[in-house]
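Here's the structure we're looking at; comments come further down.
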Amino acid sequence: MEARDPFTEIVNEANRALIVNNLGPIRPLIEFPVSTSGKRTFKFQSRWYDLHSWLEYSVLKDAAFCFNCRCFGTLVGSSEETFTKTGFRTWKKASGESGKLANHAKTQMHILSMERMQNFKSENQHIDVQLVGIAEASKTRKEQEREENRQIVQTIFDVVRHLAKQNTAFRPWAQRDK
Numbered sequence: 003m004e005a006r007d008p009f010t011e012i013v014n015e016a017n018r019a020l021i022v023n024n025l026g027p028i029r030p031l032i033e034f035p036v037s038t039s040g041k042r043t044f045k046f047q048s049r050w051y052d053l054h055s056w057l058e059y060s061v062l063k064d065a066a067f068c069f070n071c072r073c074f075g076t077l078v079g080s081s082e083e084t085f086t087k088t089g090f091r092t093w094k095k096a097s098g099e100s101g102k103l104a105n106h107a108k109t110q111m112h113i114l115s116m117e118r119m120q121n122f123k124s125e126n127q128h129i130d131v132q133l134v135g136i137a138e139a140s141k142t143r144k145e146q147e148r149e150e151n152r153q154i155v156q157t158i159f160d161v162v163r164h165l166a167k168q169n170t171a172f173r174p175w176a177q178r179d180k
């Protein structure tokens with residue numbers, strides 16, 4: 003299987019559940035490439051993963067993407083192409099309270115994508131919980147039916163034992179009466 007990358011990975015109805023529920027954001031822990039601006043150097047910081055649960059990194063583009071907006075942005079209206087298609091690369095403007103990452107998290111599209119992600123996960127979990135509940139209810143019904151059957155068979159055995167001790171026939175009339 004080839005390595006996943008947010009720049010090349012296509013999210014659609016067919017694979018959305020797999021990507022969202024099983025794979026999650028792409029977060030490589032590598033030595034990130036350095037870019038320069040004047041005399042200063044900047045690069046993607048892996049600690050940003052801890053600050054932004056939605057953040058993912060493309061090794062191919064040396065760019066940051068928003069996992070939630072990439073998966074659900076097209077479903078909520080216009081998407082911010084920087085965090086969904088082209089990738090964010092201006093590392094010197096990335097962090098801080100007024101940084102691009104923090105500002106992206108406040109956008110309407112991102113907030114709607116986050117809500118859509120939570121709804122998607124809770125719907126999937128809800129279905130799973132329902133299926134487990136149905137299976138448990140079916141198992142409980144079967145166990146109850148088995149217990150009832152055991153009681154019936156036990157009652158029959160008790161009657162047979164009693165009749166055997168009394169040396170009584172199973173039928174209410176004697177054999178010779180025929």
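The opening position of the sequence shown corresponds to residue 3 in our numbering, with each subsequent residue numbered one higher. Where a beta carbon is used, it is the ideal one built from N, C-alpha and C, also for glycine.
**Asked** Going by Cα to Cα distance, which pick from A107, L62, H112 is closest to G89?
**Response** By 1-based counting over the sequence shown, the position of residue 89 is 87. When only C-alpha atoms are compared, the closest one is L62.
Give me the Cα-Cα distance between C8 and I32, rounded to the nearest whole angstrom.
-> To locate residue 8, count along the sequence shown from 1; it is residue 6. To locate residue 32, count along the sequence shown from 1; it is residue 30. Reading the sequence as shown, one finds Pro at residue 8 and not Cys. When rounded, the distance between both Cα atoms is 16 Å.
Mapping DSSP to helix, strand and coil, what is T84? Counted from its first residue, the sequence shown places residue 84 at position 82. Helix, per DSSP.
(Q) Quick check: F172 and L165, are their CB atoms within less than 8 Å of each other? (A) What you label residue 172 is simply residue 170 of the sequence shown in a count that begins at 1. What you label residue 165 is simply residue 163 of the sequence shown in a count that begins at 1. Against a cut-off of 8 Å, the Cβ pair of L165 and F172 comes out as a contact.
Same chain, Cβ closer than 6 Å to H106, neighbours up to 5 away in sequence not counted
Here residue 106 refers to the residue found at position 104 of the sequence shown. If we look at H106 and ignore the five residues flanking it on each side, its Cβ neighbours are F85, H112.
How long is the line joining the alpha carbons of E125 and R148, rounded to whole angstroms? Here residue 125 refers to the residue found at position 123 of the sequence shown. Here residue 148 refers to the residue found at position 146 of the sequence shown. Whole-angstrom Cα-Cα distance: 34 Å.
Next item on the list: Determine the closest residue to H54 out of G75, R29, T76, with distance taken between C-alpha atoms.
Entry: By one-based count along the sequence shown, residue 54 stands at place 52. Cα-wise, what sits closest to H54 is R29.
If you draw a straight line from the alpha carbon of V162 to that of I154, how long is it in whole angstroms? Here the question's residue 162 lines up with position 160 in the sequence shown. Here the question's residue 154 lines up with position 152 in the sequence shown. So the two alpha carbons sit approximately 12 Å from each other.
Q.
Let me check understanding here. Comparing Cα to Cα, which of K94, N23, T38 lies closest to F122?
A. Here residue 122 corresponds to residue number 120 of the sequence shown, with the count starting at 1. Nearest of K94, N23, T38 to F122, Cα basis: N23.
Buried or exposed, going by whether 16 or more other CB atoms sit within 10 Å of the CB of E150?
By one-based count along the sequence shown, residue 150 stands at place 148. Under this definition E150 is an exposed residue.
Within its chain, find whatever has a CB closer than 6 Å to the CB of R42; leave out the 5 residues flanking it on each side and keep chain order.
For the purposes of this step, residue 42 is taken as residue 40 along the sequence shown, with counting starting at 1. Within the same chain, R42 has no close Cβ partners at all.
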